[in-house]
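Which chain is which? The protein sequence lines are B and C, in order. The opening position of the first sequence corresponds to residue 3 in the working numbering, with each subsequent residue numbered one higher. The opening position of the second sequence corresponds to residue 3 in the working numbering, with each subsequent residue numbered one higher. From the three backbone atoms N, C-alpha and C, an ideal C-beta is built for every residue, glycine too. What follows is a short report on a single structure.
2 protein chains.
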Amino acid sequence: MSIGRPLEYDPAKVLDAAMQTFWRRGYEGTSLHDLLAATGLSKSSFYQAFSSKQAAFHQALTHYCETLTTRLREKLRTADSGWEFIETVLLSAAGEARAGDDPRGCMIVNVATEFSSRDAQVSELVTDGVKRVTLIFVAAVRRAQKEQTIAADKDPKLLGRYLLSSLSGLRTMVKAGSSHGAIAALVIPIMAALK
Amino acid sequence: MSIGRPLEYDPAKVLDAAMQTFWRRGYEGTSLHDLLAATGLSKSSFYQAFSSKQAAFHQALTHYCETLTTRLREKLRTADSGWEFIETVLLSAAGEARAGDDPRGCMIVNVATEFSSRDAQVSELVTDGVKRVTLIFVAAVRRAQKEQTIAADKDPKLLGRYLLSSLSGLRTMVKAGSSHGAIAALVIPIMAALK
DNA sequence: CGGGTACTGTACCATTCGGTCCAGAAGATT
DNA sequence: AATCTTCTGGACCGAATGGTACAGTACCCG
Numbered sequence: 003m004s005i006g007r008p009l010e011y012d013p014a015k016v017l018d019a020a021m022q023t024f025w026r027r028g029y030e031g032t033s034l035h036d037l038l039a040a041t042g043l044s045k046s047s048f049y050q051a052f053s054s055k056q057a058a059f060h061q062a063l064t065h066y067c068e069t070l071t072t073r074l075r076e077k078l079r080t081a082d083s084g085w086e087f088i089e090t091v092l093l094s095a096a097g098e099a100r101a102g103d104d105p106r107g108c109m110i111v112n113v114a115t116e117f118s119s120r121d122a123q124v125s126e127l128v129t130d131g132v133k134r135v136t137l138i139f140v141a142a143v144r145r146a147q148k149e150q151t152i153a154a155d156k157d158p159k160l161l162g163r164y165l166l167s168s169l170s171g172l173r174t175m176v177k178a179g180s181s182h183g184a185i186a187a188l189v190i191p192i193m194a195a196l197k
Numbered sequence: 003m004s005i006g007r008p009l010e011y012d013p014a015k016v017l018d019a020a021m022q023t024f025w026r027r028g029y030e031g032t033s034l035h036d037l038l039a040a041t042g043l044s045k046s047s048f049y050q051a052f053s054s055k056q057a058a059f060h061q062a063l064t065h066y067c068e069t070l071t072t073r074l075r076e077k078l079r080t081a082d083s084g085w086e087f088i089e090t091v092l093l094s095a096a097g098e099a100r101a102g103d104d105p106r107g108c109m110i111v112n113v114a115t116e117f118s119s120r121d122a123q124v125s126e127l128v129t130d131g132v133k134r135v136t137l138i139f140v141a142a143v144r145r146a147q148k149e150q151t152i153a154a155d156k157d158p159k160l161l162g163r164y165l166l167s168s169l170s171g172l173r174t175m176v177k178a179g180s181s182h183g184a185i186a187a188l189v190i191p192i193m194a195a196l197k
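And the structure:
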């Protein structure tokens with residue numbers, strides 16, 4: 003290994019660039035040309051780094067899940083409270099309606115929408131990602147229950163799934179072009195269901 | 003006009019077939035070949051019926067909005083109560099997880115996800131569709147308020163948007179591969195927010 | 001400095017994409 | 001039956017798709 007000429011690109015950056023592209027444009031929507039432009043790689047280097055467009059996509063999606071879950075876990079860990087974590091996450095999703103550039107939404111959701119269940123491998127990645135994110139929300143609910151901001155007799159798994167579903171709903175409204183104010187206001191009824 | 007050979011296909015059926023295809027596979031995901039197979043038209047007839055793939059897509063999306071809103075309005079009109087209407091709609095969305103075949107979700111949402119905001123015309127159709135569906139939900143909330151199942155002091159517009167957002171969330175969970183039971187259970191916390 | 005390794009750019013490939021065109025067949029009207 | 005209109009199938013188009021092959025070259029190690 004690694005006898006000879008060393009890599010001239012940063013594999014992590016390249017994977018991230020590929021991920022960003024797939025995230026924004028979806029699988030069918032991103033051409034090889036787009037990927038090359040985004041990564042800065044030549045075609046040969048690209049096919050040496052990833053072995054195909056599909057493989058690149060799989061890796062990108064996996065990378066996305068990884069990044070997302072660790073980021074969320076960290077956020078939950080450093081949050082003042084479970085309740086505040088939940089509210090922050092929901093509001094930040096609503097906040098995507100603010101920035102002028104087109105909202106990317108959640109890549110997992112985008113992928114799930116594009117490949118309904120046509121690709122078995124992709125489906126597996128999606129359900130796995132959803133499961134892991136759900137666990138984080140369940141943990142947040144449990145923490146809020148310990149902190150007595152959510153009633154202890156509620157089912158944390160149910161509420162965790164409810165929150166994930168609500169988050170996806172918010173993101174959908176963002177993509178559909180609703181105004182930031184209208185979307186942010188939805189956080190109130192959403193969180194009312196937790197009480 | 004209409005002197006000469008008459009149409010051999012039913013324009014309504016053809017538009018519907020095109021809509022189904024775009025609904026399932028999205029815009030990029032549907033090739034001309036797919037459309038021809040679905041509609042049964044020859045290439046010439048297709049380009050005579052619609053003038054381009056884009057035009058067909060616009061018409062299909064418009065047709066979808068039309069169909070959806072009239073169906074929902076009718077459902078609300080014949081429903082026993084506003085509350086029951088809301089519950090039925092949410093549960094039927096959850097029910098899409100039951101059928102073996104891949105869930106199509108809501109075409110408006112699918113389109114909004116595929117074209118974030120890249121196509122101005124499409125964006126307009128999407129926001130317009132969302133607006134119209136929202137109005138139906140708002141009407142349902144108002145009716146439920148009259149029927150005293152939802153408190154009169156709540157903002158019906160807010161709750162209507164909340165319901166649409168929640169519905170989209172449910173559909174997302176369906177697409178992500180969650181089980182029917184898990185999704186149907188979400189209806190409880192969702193509707194709890196209305197109380 | 002020489003040899004081997006592995007990256008880089010380009011030319012090339014078959015296929016499919018959306019779309020056009022045209023010759024001809026089929027039906028309605030007279 | 002003549003004629004006029006309009007639908008139909010297939011040939012054809014340029015461009016872009018994902019992917020491969022190859023020659024050249026930059027780099028590390030001995």
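Listed along chain C is no residue with a C-beta nearer than 7 Å to that of R145 of chain B; the closest approach is about 18 Å.
Residues of chain B with a Cβ closer than 8 Å to the Cβ of V140 of chain C do not exist; the shortest Cβ-Cβ separation is about 12 Å. For L188 of chain C, the secondary structure class from DSSP, reduced to helix, strand or coil, is coil. Among the residues of chain C, those whose CB is under 8 Å from the CB of D104 of chain B are S118, S119, R120, following chain order. In the structure shown, S54 of chain C falls within a coil segment according to DSSP collapsed to helix, strand and coil.
A153 of chain B counts as exposed, since fewer than 16 other C-beta atoms from the protein chains shown sit within 10 angstroms of its C-beta.
Within the region 146-164 of chain C, contact with chain B at the beta-carbon level (separation under 7 Å) is assigned to L160, L161, R163, Y164. For the region 25-48 of chain C, the residues whose beta carbon sits under 8 Å from a beta carbon of chain B are, in order, R26, G28, E30, G31. The residue among B:R120, B:Q147, B:M109, B:S125 with its C-alpha nearest the C-alpha of A62 of chain B is B:M109. By the Cβ rule, the region 73-82 of chain B does not count as touching the region 18-35 of chain B, because fewer than three pairs are nearer than 8 Å. Cα atoms of L137 of chain B and G183 of chain B: separation of roughly 29 Å, rounded to the nearest angstrom. Going by beta carbons, S94 of chain C and A146 of chain C fall outside the 8 Å limit.
Closest in alpha carbon position to P13 of chain C, among C:H35, C:F117, C:F48, is C:F48. At a C-beta separation below 8 Å, A195 of chain C has these neighbours in chain B: P191, I192, A194, A195.
The alpha carbon of T72 of chain B has as its nearest neighbour, out of B:T41, B:G131, B:K159, the alpha carbon of B:G131. With respect to the C-alpha of K197 of chain C, the residue from C:S180, C:M175, C:L169, C:D157 having the closest C-alpha is C:D157. Residues of chain B with a Cβ closer than 9 Å to the Cβ of V111 of chain C are, in chain order, T115, T174, K177, A178.
For T23 of chain B, the enclosing alpha helix (DSSP H) begins and ends at 13-27. Distances from the alpha-carbon of R106 of chain B to those of C:A114, C:L38, C:L9 put C:A114 closest. Within a 10 Å sphere around the beta-carbon of L34 of chain B sit fewer than 16 other beta-carbons, which makes this residue exposed.
Chain C has no Cβ within less than 8 Å of the Cβ of T80 of chain B.
One Cα belongs to A96 of chain B, the other to S54 of chain C, and the distance between them is close to 36 Å.
From the beta-carbon of T129 of chain C, the residues of chain B found nearer than 9 Å are A178, G179, S180.
Its Cα nearest to that of W25 of chain B, the residue B:T69 stands out among B:E86, B:T69, B:G42.
For F139 of chain B, the uninterrupted alpha helix (DSSP H) run begins and ends at 122-148, by DSSP. Straight-line measurement puts the Cα of K177 of chain C at about 25 Å from the Cα of A58 of chain C. Contact annotation: S170 of chain B and D104 of chain C have beta-carbon atoms that are not nearer than 8 Å.
Contact with chain C is found for V132 of chain B, since one of that chain's Cβ atoms lies less than 8 Å from the residue's Cβ. Put simply, of C:R163, C:A186, C:G162, C:L160 the residue whose alpha carbon is nearest the alpha carbon of L172 of chain C is C:A186. For T174 of chain C, the uninterrupted alpha helix (DSSP H) segment begins and ends at 158-177. At a C-beta separation below 8 Å, L92 of chain B has no neighbours in chain C, since its nearest C-beta there lies roughly 11 Å away. Residue nearest to T64 of chain B within the set B:Q150, B:R163, B:Q123, B:L165 is B:Q123 (criterion: CA-CA distance). Ranked by Cα distance from G162 of chain C, the options C:A142, C:S180, C:G179 are led by C:A142.
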